[in-house]
Structure formats: structure tokens, C-alpha cells
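Sequence order for the protein chains is A, B and C.
Anchor point for the first sequence: position 337 equals 336 in numbering that gives the first Met the number 0, and the numbering is continuous, going up by one each time.
Anchor point for the second sequence: position 25 equals 24 in numbering that gives the first Met the number 0, and the numbering is continuous, going up by one each time.
Anchor point for the third sequence: position 303 equals 302 in numbering that gives the first Met the number 0, and the numbering is continuous, going up by one each time.
Backbone N, C-alpha and C define an ideal beta-carbon position, used for all residues, glycine too.
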Amino acid sequence: MENIHKYSGKQLHKALLEKKITAEQIAKTYLSRAKEFSDLNAFIETYEDSMLKKAKQIDEKIKEGKPVGKLAGIPIAIKDNIHISGKITTCGSKFLENYKAPFSAAVTELLDQADAMIIGKTNLDEFAMGSSTENSAFFPSKNPWNIKCSPGGSSGGSATAVAARLCSIALGSDTGGSIRQPASFTGTFGFKPTYGRVSRYGLVAFASSLDQIGPMANFAEDIGLVMEVIGRPCDKDSTSHELPAENYFANNTESLEGKTIGVPFKFLENLDGEAKKQFEKNLERLKELKANIVDINLDVLKHSVSVYYIIATAEASTNLARFDGIRYGHRSEKASSLDDIYDFSRDEGFGKEVKTRILLGTYVLSAGYKAHLYQKAQKVRQMVVNSFNKAFETCHLIAMPSAPTGAFEIGAIQDPLKLYIQDVFTIGANLAGLPAISVPSGMEEGNKPLGLQLVGPQLHDVNVVESAAVFTSKASIPPNYDKEVNV
Amino acid sequence: MSDFDSKTIKHLQKLSRIRLSEEEESELQKNLEGIVSYIVELEAIDTTDIPPCIRVQQSVEKTTLREDKIKDTLAKELLLENAPKSIGGMIQVPVVIDKE
Amino acid sequence: MKDNWEIVVGLEIHAQLNTQSKIFSSASNHFGDEPNTNISAVCTGQPGVLPVLNKEVVRKAIQFGVAIEANISEASTFDRKSYFYPDCPKNFQITQFFHPIIQGGRVFAEVEGKEKEFFISFAHLEEDAGSFKHFKKFGAVDYNRSGAPLIEIVSKPCMHSAVEAASYARAIRSILLYLGVSDCNMEEGSIRFDANVSVKKYNEQTLRPKTEIKNLNSFNFLQLAINKEVERQIDLYEKHPDKDPKDVIQSGTYRFDAEKKQVFLMRSKEGADDYRYCPEPDLPPLIIKKEEVEKIKTEIPELPRQRIIRYHQNLGLSLDTAHQMVEQKTISEFFEKACNTCKNKKSLANWILVEFLGRLNEKKETFFSLNLLPENIASLVNLIEDKTITSRMAKQIADIMVDNPEKSPEKIVEENPEFKPVSDLSTIEPLVNAIIEKNPDSIEDYKKGRKKAFAFLVGQVMKETKGKANPQIVSDLIHKKLGDL
Numbered sequence: 000m001e002n003i004h005k006y007s008g009k010q011l012h013k014a015l016l017e018k019k020i021t022a023e024q025i026a027k028t029y030l031s032r033a034k035e036f037s038d039l040n041a042f043i044e045t046y047e048d049s050m051l052k053k054a055k056q057i058d059e060k061i062k063e064g065k066p067v068g069k070l071a072g073i074p075i076a077i078k079d080n081i082h083i084s085g086k087i088t089t090c091g092s093k094f095l096e097n098y099k100a101p102f103s104a105a106v107t108e109l110l111d112q113a114d115a116m117i118i119g120k121t122n123l124d125e126f127a128m129g130s131s132t133e134n135s136a137f138f139p140s141k142n143p144w145n146i147k148c149s150p151g152g153s154s155g156g157s158a159t160a161v162a163a164r165l166c167s168i169a170l171g172s173d174t175g176g177s178i179r180q181p182a183s184f185t186g187t188f189g190f191k192p193t194y195g196r197v198s199r200y201g202l203v204a205f206a207s208s209l210d211q212i213g214p215m216a217n218f219a220e221d222i223g224l225v226m227e228v229i230g231r232p233c234d235k236d237s238t239s240h241e242l243p244a245e246n247y248f249a250n251n252t253e254s255l256e257g258k259t260i261g262v263p264f265k266f267l268e269n270l271d272g273e274a275k276k277q278f279e280k281n282l283e284r285l286k287e288l289k290a291n292i293v294d295i296n297l298d299v300l301k302h303s304v305s306v307y308y309i310i311a312t313a314e315a316s317t318n319l320a321r322f323d324g325i326r327y328g329h330r331s332e333k334a335s336s337l338d339d340i341y342d343f344s345r346d347e348g349f350g351k352e353v354k355t356r357i358l359l360g361t362y363v364l365s366a367g368y369k370a371h372l373y374q375k376a377q378k379v380r381q382m383v384v385n386s387f388n389k390a391f392e393t394c395h396l397i398a399m400p401s402a403p404t405g406a407f408e409i410g411a412i413q414d415p416l417k418l419y420i421q422d423v424f425t426i427g428a429n430l431a432g433l434p435a436i437s438v439p440s441g442m443e444e445g446n447k448p449l450g451l452q453l454v455g456p457q458l459h460d461v462n463v464v465e466s467a468a469v470f471t472s473k474a475s476i477p478p479n480y481d482k483e484v485n486v
Numbered sequence: 000m001s002d003f004d005s006k007t008i009k010h011l012q013k014l015s016r017i018r019l020s021e022e023e024e025s026e027l028q029k030n031l032e033g034i035v036s037y038i039v040e041l042e043a044i045d046t047t048d049i050p051p052c053i054r055v056q057q058s059v060e061k062t063t064l065r066e067d068k069i070k071d072t073l074a075k076e077l078l079l080e081n082a083p084k085s086i087g088g089m090i091q092v093p094v095v096i097d098k099e
Numbered sequence: 000m001k002d003n004w005e006i007v008v009g010l011e012i013h014a015q016l017n018t019q020s021k022i023f024s025s026a027s028n029h030f031g032d033e034p035n036t037n038i039s040a041v042c043t044g045q046p047g048v049l050p051v052l053n054k055e056v057v058r059k060a061i062q063f064g065v066a067i068e069a070n071i072s073e074a075s076t077f078d079r080k081s082y083f084y085p086d087c088p089k090n091f092q093i094t095q096f097f098h099p100i101i102q103g104g105r106v107f108a109e110v111e112g113k114e115k116e117f118f119i120s121f122a123h124l125e126e127d128a129g130s131f132k133h134f135k136k137f138g139a140v141d142y143n144r145s146g147a148p149l150i151e152i153v154s155k156p157c158m159h160s161a162v163e164a165a166s167y168a169r170a171i172r173s174i175l176l177y178l179g180v181s182d183c184n185m186e187e188g189s190i191r192f193d194a195n196v197s198v199k200k201y202n203e204q205t206l207r208p209k210t211e212i213k214n215l216n217s218f219n220f221l222q223l224a225i226n227k228e229v230e231r232q233i234d235l236y237e238k239h240p241d242k243d244p245k246d247v248i249q250s251g252t253y254r255f256d257a258e259k260k261q262v263f264l265m266r267s268k269e270g271a272d273d274y275r276y277c278p279e280p281d282l283p284p285l286i287i288k289k290e291e292v293e294k295i296k297t298e299i300p301e302l303p304r305q306r307i308i309r310y311h312q313n314l315g316l317s318l319d320t321a322h323q324m325v326e327q328k329t330i331s332e333f334f335e336k337a338c339n340t341c342k343n344k345k346s347l348a349n350w351i352l353v354e355f356l357g358r359l360n361e362k363k364e365t366f367f368s369l370n371l372l373p374e375n376i377a378s379l380v381n382l383i384e385d386k387t388i389t390s391r392m393a394k395q396i397a398d399i400m401v402d403n404p405e406k407s408p409e410k411i412v413e414e415n416p417e418f419k420p421v422s423d424l425s426t427i428e429p430l431v432n433a434i435i436e437k438n439p440d441s442i443e444d445y446k447k448g449r450k451k452a453f454a455f456l457v458g459q460v461m462k463e464t465k466g467k468a469n470p471q472i473v474s475d476l477i478h479k480k481l482g483d484l
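See the structure below:
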């Protein structure tokens, strides 16, 4: 079998079962690619030994005719804010550079039980705070389509790994768009499930009421495959849904006939340039697929960045309080008193963006300042929820661009506020806990992919992913993912 | 607006236990001033009769509760493995004067 | 001077609930083990962990709410209270600030012989901190206690003396014990008392600044500390009669030094933490349906007050004795077992609370550490009732029982002939005659109808025989002789 890296995870699994290939061959191929393209800085750490060990186990089971898990033979990368027991979880931060996870995340255990081969941990913006991986304490990741550009963030390392075929599937986390925006920038699929669909146990929390783990892949079928494994109830996560796992692609839908897709035209009125042209083309494509397009009102989303940066930073300021140099992580050498340990360890261990957000979150929760803003943000959040609910009365899905532009150059955006505004199309789905996917939808000049975002009502995950698959099947707008990636 | 001044950022450092260097303090103060002046736009929105969003999930009514059983414990060695300093099986810190 | 001043006290009581596992972590909720052996990733604040609420903690809290006739919230929520300290693994505590599980409620407590009603403002659930141990050159943290389930019970400022505060505290503790929801062990720290103390002039409408005295771990210290603090505040006000009360009393958290018997300022309110309370996003609202509360109502065991009333009305114990008996739950249960075979419950109560407890306390033992059987105490009382032995003999037998707890009183009597009362008429009759001759006044009194005179005569004979004469025989003899006169 040639060009193993061009296959989908599902195809690899099938080939494995048909004995056309061994798990060891797959593992070796991808490990060697990861080495070859290490300049892309997709990974913080690769697990050659444990991956090959797992591959051997799988091959033995196959040889002995024993059953193997659904993900057997599939190389999967995990964002480095998700725990694997006994391995380091850095969260892209100096603070946790040497932190050995004492337990595995729920999703890690599920992947392992399904016989996935974990290739390594991917790079991210520190503590998932950022839109480009430039906030990683270690290095920025590079966009395989255009290496001067960022792959987006915070799940940029995962996006790079997937787009450059260094793994079939990668897990990311999405709090304000951190899976969808990098997927958009790298021409891959990136899915954020309904809030509570995937367990957050073992995901280092950024903003508890917004975070979700989700898959990134080159093929929609792989998104569905992984969701079947990780989209389960978890008794260690009180916000987890009690619903059983769902089947994806049970019916081979080939059109969007009968589906109504809502577009918030007024909210999108400032979209311009290539992104605008591409989006209009996408709408044509949707119509070709027999979807019915309607106008919906999501004007309230113009406030979504403000709401997000109040709620997310408030939650983050408390979630990150535990990083104090006492029980684990970086303890400052120049600390002589207990107070010093807190003050210096946190100053030294955290990067600028993390500190900014902690201070902002502390500010909005503190009695002396604008504590009323926090309550206000919670109310406007409810308005966002209400708006989506109203919109879904007239449509099955909502379509929007994933990002206002294609990938920007590393170092190009210095003003943090400008970076925040990048998230304006994605934040809404986090605020309302909705399933949302970014689908490769076209290219901007300079070899920069663009993405279309589809959002569904809560618990309509299957519909969202399947519709995304339909959009790209027999596509007349060519996303380039089936061509050799030019790195 | 100078609501976010140097006094503010000094106080916030105290509350959040981060001691910034002087240059970072002035840089972050500027950035935060800008961010805060952006987000206060929410104040102008009319939210009468809108309840705060307490729970994102819309379809769930009951509470998640756990059986009163001992499980999923952490071995002492695993706790101490990541500890910067430990002594006698406990996490060690500098002496503190004010006792509880 | 002091008479112008009214004392105002409120108590905050923290009680650890005695579940198997902790409130949000499934680690063991057990006291006294090696440091950091009862922990999980959750209660040590590892990155990536999430809290999950313990069902049994909720049930015990509802039981308490029902016992104090409070309102159980249909939807209460959890919140984060932020502060940095090594024993606080997440540097925030999960508590219930905005919507507590229990609202209102009342208890009745005995205050100097009279029953008084006290009111609870609210009670909520929260997690305990770990133990920060202070050594000479370093500090060390043990997370065994971190995440232990606490119920915090906050009273209204409705107590007006240290005695009232102690009575209220006793009553709450009793209820928790009788429900079986907490060990209420003050030495182990499974129940802690904080007092909020202020004074005001009787005619004043508003309350003056209060001070908080923390971690008073005995009822005596509680009373002492409150009285000391009241004294201190009154002194200050009288020294500065024209100053604004806020400037006279430094609001803050105080500590009571048991050795020096003084109250010291720990933390002033000016440097007070801004706790930045915000909703706990990892925990959904706690929904409690009415049916659940009703079911728990039917499962509540007999509460202290009910038991006191029962002992008083059904068993004839005085209120005071009933109170004493009920306060110590295990002893009350011992008493009830003994009651099954005992002819005189009042006497039994006395023998347990006074005679035996006195002896046991001296030896630093308990009924249970020695495995004394309730039937045996009952037998002893019965032997006295039957006049098989004298009460003086019974005291000696009690001494022997405490030293030989496996022996029944019958066995002891059998083995010790001096415990058989003298019934030989030839020995007793001359003594009776002698006593009657010596006490003509008593005979006069007796003839006048004074029953005490008769008892006096019996007593005198018993004295002569060093308590060994059979009291029934003595009594009969005297009766006969007096009748003959």
C-alpha cells in the first residue's frame, strides 16, 4: 500500500482489518513523517516507543484473530492540554513543563480502549488562550499550506499535524473557536460538539462553561468515527450529557434536500474580501445541494466578543488559580516566603496573554470594580441563547464563515484586541453550547484555506457532521485536501 | 477611560497573586485599558427581564450525583512526584507566621 | 455600667458530615491516617479535574434541614470563593454563597432550666480545606481533610449571653449526633464553632460592629471567649463614649488563646479578602424534589428534644436528668437497654449518670471501653429495689464491677458474703430497741405523723450496722415496735 498518509483513518482501519497493511507499518510511516516535518512545530512531544508498542499489540491481536477496537491502526494526536497518564501535559506553558499527568483524561481512555495509536501531544497557545499558537511558551506552529502563516489557535498544533498528514485525526479543544478557526486556516474539518457531549475530565480547564474537546481530521468520516468513540456520558464530569453514543453516517445522505439553512446576513454585513466571495460561493454550493437558504437574525452576536472575554476570563482566573507553585509546576527559585512562591512562580510560569486574561477575569469578578459587568455578560449570554433558539425555529442549520479571513502571518497581529475579534464568528456556538463544525470551503490568495461553519441546535451533532460531509462530497469548489500537501 | 489605572493593576496583581515586572505592568495596563473600554459596550444593552444564563444545557433537569463510595484515589507517591518540595509525606512550603 | 449593655451573639457552626467519601471527590473521608493517604486528583486540585457531588452528603444535609424544621431549597447552587492558601488546593473553595440548600429553621435548647427557642438563618454545604501544619522552620500540607464535606450552620444573632450560645451549640450538636450525620468530635475537629460577638445599648435599634472569634473547640472555651470579648468591647466603648463604634471596635477575625484566656486579633477586616464569589460552572444546580424531602421526613430517627420529653413524661426522669442523659447519645442508648430489665428507671438514671460515670471518669474509661453490660447495671438497681442489698453495699459492688466489668452484681454478691445483708433478728432487734430508746423525740414526731422521723430511725439502725442490716427487716421491726408503743 502506497501513500498511506493520504488515506483517511477509517480507510486505514479497513485496510488493517483486511490485512493489507499492519499497524506497525502505519505507525512507522507517520512517525517518520512527524520527524521529517518537525520544522512545522506541530508536536510538543512524540511517543515513538509507546506508539510502536501499541501497534505491536494491535498486530498481534489481528494475527490471533482477536477483535480490535474501532480505531485500531489509526494514528491520533492529542492537544497538549489533555492528560495521558504518566506523560507530561505542558498546556504549552513553562509552568507545567515538567508536569506528569497522574491520570488519563476520559477521552484518552476511550481512545485507548478503541485501540487508537497515540502519536504525540500537539502544540497550543498557552492554556488554550490564543488564536495562533504564538502564545505557546515553546514555539509557534506553522501552517503547512503556507509556512509563513499561523495555523490558527489555540489548537494550532493539532491543525498542522492533521493538515500535513502527520496523523489521521487530532483532538483539539474549543472554548471560543479554538478548533474551528485553526481548521478553517488549515483546510481541515474541525468539530466542536454540543457542550457536555464529550467529557471534560482530564482537559485542563480554561473556561468551564465554554470548553469542549473535539476532533480535527481531513475527512468527515473520521470526525464521525472519533465522535462515536468519545461522545459518551462520563460520571466524572457533572456537566456531561447522560445520552448514549450516537451513530454517524448511518444513512448515506447525498444531498441537503429538505434542509433549511439560516444565514445571519445582517451580522455578516462587514465581511469583505476573499472571505466574502468565498462565502457567497459556499451559499451557491449549498443551494446546488438542494438546501433552502433563509435569513435569520443573530445581530446579538456583535456583542459576543465582549461577553466571551468577560465570562471566559472570569472562569479562567479561578481555574488557573491552582497554578501556584505549591503542589506541582514551576516554583520560583527566588522565592523565600510563601507569598513569594505565589507571586513569582505565577509571574515566571505564565506568559503575557495568560497573565492579561487572569487579571481581566479578576477585574470583572472583583467587588471594587465592574462586578456588575459579569452579571450583565451572563444576561447577554442568555440573549445569545435565545437568539439561536429563535433562529432554529426557522432553520435546521446555520451557515457562517469560520473566520473573517484566511491565515495571517506569524507575528502579524500584535494588538490582543485585534486577535480577540478574530473569534467573532465562532464564539456564539460556545456561548450557546451548540455543535459547530468548520468545513474546508475554498482558498484565499497565497495558498490560504478558508472554512465554512455549520452550526446546529444542541444535540444535533450527527446532523451537523453529516451535512458538512455532504457539502464537501463531489465538491465543485475544490478544497485541496486530496492533493499532496506542499510543504 | 482611565478606570483601569496603575492603582487598579497593582491591586489586581495582589488579588490574583501575580507580581509583574515594571515594564510588563505598564504594557499590560495599556492593553487591559483598551480591552476594558471595548467590553463596557455591554452596559448599554437593555437586559430587562432577561435572566442570567446559569446553565448552558437546555434539556437537563436533574442533578448529577455520585454514590458514596471510595474509588479513583491518588497514590501519595503520585502527588509527591510532581511536588517542588516535600517532607514527611507532605507538601513543603516556607514557614508562615500568622497561624489559623 | 454593664447593665446598659445588651450582648448579641450569633454562631457559625461547621460540622463534618460522616460520609464514606468526600463531598466532590471520591477519596476516603476518614480522620487520623498518614498524611496524604486519603486523597484523589480532585481534592488535591490537579489540573483537569472536576467536582461531582456526593449523593449521601445531600441526603444528610436534608435530614438536618428537616430536623430543624427549615425550608429545603428546591434549587440551590454552588459557588467559588477565591482565596490563596496552601491548604486550599484550587485556591478557591466550592461553597454555597448565593442560594444555600437550607433556609430558616429553629432549635429549642435548655438555658438554665428553661426551654428557649433559637433561630437559624441558613445552612449550606461546602468543602473543607486540607491541614496546613506549622513547624519551626517550614510549613507542610496534608490534603487528607481537603474536600471533606461540611455543613455550615449560621444562626441569627439571637443569643444574648454566653450561656445561651453554649446551650444553642449543644442543641445543634445533639441533633447532628442523633441524626447520625456527623461524629461531632470537637477534639478531632469534626465540629467547629465560630462566634460573632457584639454589644449594644438596650435602646439601640441597630447592631454595633461585631468581631468573629474562630475555632472555639469546647463549650467552656466558647463561653469564656464570649464573656471575655464582651468585657473587652464594653471596656472600649466606655473608654471612648463619644467615638463612632466603627472606630472603637476593630472588626475582624479573632482567635481565643486557651492558655492565656485572651482574645487576639488574627486578621483585620481592612485587609479582608475580596472573595470574588462567582457561580461554580462545573456543578449544575442541585434540584431537590418535594417527594424526596417527604421521604426523608419519615426516616428521621428520634431527635434529642423528643427523647427528653419521652424520658420525662414516660420514664419519670426529671427534666434536668433527662437532659443530661440525652446529651450523651451512646449513654442514653445504654440507659434504654438497661431500662428493659430494670424496675426503677429514675434510680437507674442516677446510677448511670452519677455513680458509674463518676467512677469511669476517674479511671478514664467508658461503659464501652470496659464493655460493661447494661443488664448488669439494671440488675444492681433491681437488687437495691428488692432490698436484697443496701445502697451502701451497692456502691461497693459498683467499685468492684468497674474493676471487674465481666462480673454481674449477682456474682459479686455470691462471691462476697459481706454483701449479704444481716437479716438475723437476734442481731438487729437489740439495736432497734436501743435506737428507739435513744430517740424519744423522733417517736413523738412520728406519732404526730412526720414520716421523716421514721426514716431517721431506720437510718440510725443502718448506721449502727454499717449499712449491713437488711433494711426491710429493720423497717418492719421499727414499725412493729412503734406500733406497740
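Smallest Cα separation from residue i: which of the options?
i                     : options                    : result
residue 46 (chain B)  : A:115, A:377, A:227        : A:377
residue 173 (chain A) : A:162, A:157, A:161, A:331 : A:157
residue 40 (chain A)  : A:62, A:2, A:140, A:104    : A:140
residue 50 (chain A)  : A:36, A:16, A:114          : A:114
residue 431 (chain C) : C:357, C:317, C:474, C:399 : C:474
residue 276 (chain C) : A:364, A:14, A:60          : A:364
residue 2 (chain A)   : A:13, A:21, A:28, A:18     : A:28
residue 169 (chain C) : C:192, C:226, C:155        : C:192
residue 264 (chain C) : C:285, C:211, C:313, C:219 : C:211
residue 225 (chain A) : A:202, A:168, A:243, A:237 : A:168
When we look at the beta-carbon of residue i and count the other beta-carbons within 10 Å, is it buried (16 or more) or exposed?
i                     : result
residue 323 (chain A) : buried
residue 353 (chain C) : exposed
residue 367 (chain C) : exposed
residue 393 (chain A) : exposed
residue 469 (chain C) : buried
residue 97 (chain C)  : exposed
residue 240 (chain A) : buried
Which residues of chain C have a Cβ atom closer than 8 Å to the Cβ of residue i, listed in chain order?
i                     : result
residue 101 (chain A) : 40, 45
What does residue i reach in chain A if we use C-beta pairs closer than 8 Å?
i                    : result
residue 80 (chain B) : 99, 101
residue 79 (chain C) : 317
Which bits of chain A does residue i rub up against, with CB to CB less than 7 Å?
i                     : result
residue 282 (chain C) : 237
residue 90 (chain C)  : 320, 321, 323
residue 15 (chain B)  : 316, 357, 358, 361
Does residue i have its Cβ less than 8 Å from a Cβ in chain B?
i                   : result
residue 5 (chain C) : no
Chain B partners of residue i, CB-CB under 7 Å?
i                     : result
residue 200 (chain A) : Under the 7 Å cutoff, chain B gives no residues; its nearest Cβ is about 10 Å from residue 200 (chain A).
residue 33 (chain C)  : 88
I want to see whether chain A comes within less than 8 Å of residue i, judged by CB atoms only; does it?
i                   : result
residue 0 (chain B) : Reliability fails at residue 0 (chain B), whose pLDDT of 45 lies under 50, so the model's placement of it is uncertain and no value is given.
Comparing the C-beta of residue i with each C-beta of chain C, is any distance below 8 Å?
i                     : result
residue 367 (chain A) : yes
Name, please, each residue of chain B whose Cβ falls closer than 9 Å to the Cβ of residue i.
i                    : result
residue 20 (chain C) : 65, 66, 67, 68, 69, 70
Check the Cβ of residue i against every Cβ in chain A and list those closer than 9 Å, keeping chain order.
i                     : result
residue 126 (chain B) : The question about residue 126 (chain B) has no answer, for chain B in this structure spans 0 to 99.
So residue i contacts chain C; which residues on that side make the cut at Cβ distance below 9 Å?
i                    : result
residue 12 (chain B) : Those within 9 Å of residue 12 (chain B) in chain C number zero; the least Cβ separation is about 12 Å.
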